[in-house]
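Peer 1: Numbering-wise, the sequence shown is residues 0 to 95 according to numbering that gives the first Met the number 0.
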Amino acid sequence: MPTYEYQCDSCGYEFEEFQSISDPPVTICPECKGRTKRVISGGAGLIFKGSGFYITDYRNSQYKKDASKDSSAIGKPSEKKSSSDSATSSKAANKD
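1) Just to confirm, are E16 and Y3 a CB contact at a threshold of 8 angstroms?
2) Kindly give me the distance between the Cβ atoms of D8 and T35, rounded to whole angstroms, as I take these residues to be in contact under 8 angstroms.
3) So what does DSSP say about K64, is it helix, strand or coil?
4) For E30, collect the residues of the same chain with a Cβ closer than 7 angstroms to its Cβ; drop the 5 residues on either side in sequence, then sort them by chain order.
5) Y5 lies in the beta strand (DSSP E); which residues open and close that run?
6) Hey, would you say Y5 sits closer than 8 angstroms to V38, going by beta carbons?
7) By DSSP's criteria, T26 is part of a beta bridge. Which residues make up the other side?
8) Less than 8 angstroms between the CB atoms is what I'm expecting for I20 and P1, so what's the real figure, rounded?
9) Would you mind reading off the limits of the beta strand (DSSP E) that contains K102?
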């Protein structure tokens, strides 16, 4: 349902009314009971929030290939030394 903007001819009061397209227009001002007219407005428009829709939606094929390589590398376990190996190597370094 759209939001319509109205303005009073008598007092100049402006207000919005959320109503169906098939509803009759508001003709009486809620402030002074004068006559109102519907004002043409620009509407809400299209609003994009966030860092940008194109960043994830319309990438080229090379970017998608590189991204899949990165995500597969994340799942692989890294080569870490066990805590006993690092303790042994630190003791050997202290002897020197």
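All C-beta atoms in this analysis are idealised placements derived from N, C-alpha and C, irrespective of residue type, glycine included.
Peer 2: Put simply:
1) Closer than 8 angstroms, so yes.
2) 7 angstroms
3) helix
4) By the criterion of a C-beta distance shorter than 7 angstroms, E30 is surrounded in its chain by C7, C10 and Y12, once the five residues flanking it on both sides are discounted.
5) T2 to C7
6) yes
7) In DSSP, T26 forms no bridge with anything.
8) 7 angstroms
9) Because the chain in this structure spans residues 0 to 95, residue 102 falls outside the shown range and cannot be described.
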